[in-house]
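J.: Each protein sequence line maps, in turn, to chains Y and W.
Count along the first sequence from 1, add 1, and you get the number used in the numbering used here.
Count along the second sequence from 1, add 4, and you get the number used in the numbering used here.
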Amino acid sequence: EPEVTQTPSHQVTQMGQEVILRCVPISNHLYFYWYRQILGQKVEFLVSFYNNEISEKSEIFDDQFSVERPDGSNFTLKIRSTKLEDSAMYFCASRQDYNEKLFFGSGTQLSVL
Amino acid sequence: AQSVTQLDSQVPVFEEAPVELRCNYSSSVSVYLFWYVQYPNQGLQLLLKYLSGSTLVKGINGFEAEFNKSQTSFHLRKPSVHISDTAEYFCAVSVAAGNKLTFGGGTRVLVKP
Numbered sequence: 002e003p004e005v006t007q008t009p010s011h012q013v014t015q016m017g018q019e020v021i022l023r024c025v026p027i028s029n030h031l032y033f034y035w036y037r038q039i040l041g042q043k044v045e046f047l048v049s050f051y052n053n054e055i056s057e058k059s060e061i062f063d064d065q066f067s068v069e070r071p072d073g074s075n076f077t078l079k080i081r082s083t084k085l086e087d088s089a090m091y092f093c094a095s096r097q098d099y100n101e102k103l104f105f106g107s108g109t110q111l112s113v114l
Numbered sequence: 005a006q007s008v009t010q011l012d013s014q015v016p017v018f019e020e021a022p023v024e025l026r027c028n029y030s031s032s033v034s035v036y037l038f039w040y041v042q043y044p045n046q047g048l049q050l051l052l053k054y055l056s057g058s059t060l061v062k063g064i065n066g067f068e069a070e071f072n073k074s075q076t077s078f079h080l081r082k083p084s085v086h087i088s089d090t091a092e093y094f095c096a097v098s099v100a101a102g103n104k105l106t107f108g109g110g111t112r113v114l115v116k117p
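1. List, in order along the chain, the chain W residues whose C-beta lies closer than 9 Å to that of TYR99/Y?
2. Three or more C-beta pairs under 8 Å: does that hold for the stretch 105 to 116 of chain W against the stretch 42 to 52 of chain Y?
3. DSSP three-state label for SER88/W, please.
4. Just checking my contact of GLN10/W with CYS27/W at CB under 8 Å: how many whole Å lie between their CB atoms?
5. Provide the residue span of the beta strand (DSSP E) that contains ILE21/Y, from first to last.
6. Do TYR34/Y and LEU47/Y count as a contact pair if the criterion is CB distance below 9 Å?
7. Could you tell me the distance, in whole angstroms, from the CA atom of VAL113/W to the CA atom of GLU92/W?
8. For LYS62/W, collect the residues of the same chain with a Cβ closer than 8 Å to its Cβ; drop the 5 residues on either side in sequence, then sort them by chain order.
9. Nearest by alpha-carbon distance to SER88/W: which of SER58/W, VAL41/W, ALA100/W, ASN103/W is it?
10. Compare the C-beta of ALA94/Y with all C-beta atoms of chain W and state if any pair is closer than 9 Å.
11. Between LEU103/Y and chain W, is there a C-beta pair that is closer than 9 Å?
12. What would DSSP say about ILE64/W, mapped onto helix, strand or coil?
13. Report all residues from its chain with a CB closer than 8 Å to the CB of ARG37/Y; omit the five preceding and five following residues, and keep chain order.
14. Please check if any C-beta of chain Y sits within less than 9 Å of the C-beta of TYR40/W.
15. Can you pull the chain W neighbours of PHE46/Y, defined as C-beta to C-beta under 9 Å?
16. Do you know whose CA, among PHE94/W, SER7/W, ASN103/W, lies nearest SER13/W's CA?
17. Below 9 Å between beta carbons is the criterion; list the residues of the stretch 73 to 101 of chain W that meet it against any residue of chain Y, in chain order.
18. Return the residue from the list THR109/Y, ILE27/Y, VAL20/Y that minimises the CA-CA distance to PRO9/Y.
19. Hey, could you find the ends of the beta strand (DSSP E) GLU69/Y is sitting in?
20. Between VAL85/W and the rest of its own chain, which residues show a CB-CB distance below 6 Å, the 5 nearest in sequence each way excluded?
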């Protein structure tokens with residue numbers, strides 16, 4: 002089965018630093034998402050992206066967050082100035098069409114020190 | 005807004021025994037219901053979904069779930085578990101088939117020999 006690939010699997014950064022989390026969605030997919038899970042809490046929706054623009058975002062997704070599809074294959078999540086509370090597992094997901102199955106990557110564990 | 009409650013955070017079960025994972029949801033509108041599984045070091049994988057029609061939904065790996073509108077529940081069952089079913093299971097809802105997912109807190113299933 003095709004896979005969504007996320008790199009790196011673990012990332013450690015200092016508070017205040019910028020971090021970019023990378024995802025390679027499945028090649029013919031058109032809808033892209035980021036979710037996150039803080040340790041011990043629920044998986045939370047961050048943002049959805051379609052046709053090169055954000056289609057929906059949660060209240061978590063403030064001005065410190067941005068997403069980009071820079072080259073037609075990667076889908077990135079940037080956090081401009083990381084805070085301790087940004088420490089979480091970040092999941093990328095993609096689907097081919099709006100009603101199709103959603104495929105998740107295995108996540109990037111972000112630790113902000 | 006929607007919310008999902010998974011009543012059991014952990015469920016230990018012996019191999020070949022049945023298991024039921026409970027999921028209740030709250031929503032002011034009709035929802036679509038999903039169960040996802042996360043095996044160790046892997047992404048979330050769709051087990052099954054209820055969009056409409058028969059309230060008993062069969063998924064992969066022998067799992068099934070029953071939608072009960074009056075009780076706002078979508079419990080997941082398997083009649084006989086294997087060691088390989090050890091994983092975390094997430095119940096989720098959305099207001100449209102392709103819309104963002106709202107997740108429950110997850111239930112860790114540990115299958116013992």
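Think of the CB as a built atom: it goes at the ideal place given N, C-alpha and C, for glycine as much as any other residue.
T.: Here's the rundown:
1. If you number the first sequence from 1, residue 99/Y lands on position 98. The answer, in chain order, is ALA100, ALA101, GLY102, ASN103.
2. yes
3. Counting from 1 along the second sequence, the entry for residue 88/W is found at position 84. Here SER88/W sits in helix by DSSP.
4. Translated into the one-based positions of the second sequence, residue 10/W becomes position 6. Translated into the one-based positions of the second sequence, residue 27/W becomes position 23. Yes, they are in contact, since the Cβ atoms of GLN10/W and CYS27/W sit about 5 Å apart, within 8 Å.
5. For the purposes of this step, residue 21/Y is taken as the residue at position 20 of the first sequence. Looking at the DSSP string, the run of the beta strand (DSSP E) that includes ILE21/Y is 20 to 25.
6. Taking the first sequence and counting its residues from 1, one reaches residue 47/Y at position 46. Taking the first sequence and counting its residues from 1, one reaches residue 34/Y at position 33. Their beta carbons are under 9 Å apart, which means LEU47/Y touches TYR34/Y by this criterion.
7. In the second sequence, residue 113/W corresponds to position 109, counting from 1. In the second sequence, residue 92/W corresponds to position 88, counting from 1. Between VAL113/W and GLU92/W, the C-alpha separation is close to 6 Å.
8. As a working mapping, residue 62/W is identified with position 58 in the second sequence. Counting only Cβ-Cβ distances below 8 Å, and skipping sequence neighbours, we find LEU52, GLU68.
9. One-based indexing of the second sequence puts residue 88/W at position 84. The residue with the shortest Cα to Cα distance from SER88/W is VAL41/W.
10. Within the first sequence, numbered from 1, the residue matching residue 94/Y stands at position 93. Yes, ALA94/Y counts as interfacial toward chain W.
11. Stepping through the first sequence from its first residue, residue 103/Y is reached at position 102. Yes, its Cβ sits closer than 9 Å to a Cβ of chain W.
12. Along the second sequence, read from residue 1 onward, the residue named residue 64/W stands at position 60. Helix, per DSSP.
13. Taking the first residue of the first sequence as position 1, residue 37/Y is located at position 36. Only VAL44, GLU45, LEU47, ILE61, ALA89, MET90, TYR91, PHE92 meet the Cβ criterion.
14. Your numbering for residue 40/W matches position 36 in the second sequence. By this cut-off, TYR40/W is an interface position.
15. By 1-based counting over the first sequence, the position of residue 46/Y is 45. In chain order: LYS104, LEU105, THR106, PHE107.
16. Reading the second sequence from its first residue, position 9 is the one you call residue 13/W. Nearest option by C-alpha distance: PHE94/W.
17. PHE94, ALA96, ALA100, ALA101
18. On the first sequence, position 8 is the one that residue 9/Y refers to. Closest by alpha carbon: THR109/Y.
19. Position 68 of the first sequence, counting from 1, holds the residue named residue 69/Y. Where GLU69/Y is concerned, the enclosing beta strand (DSSP E) stretches over 66 to 69.
20. Counting from one through the second sequence, the residue named residue 85/W turns up at place 81. The residues are VAL17, VAL23, VAL115.
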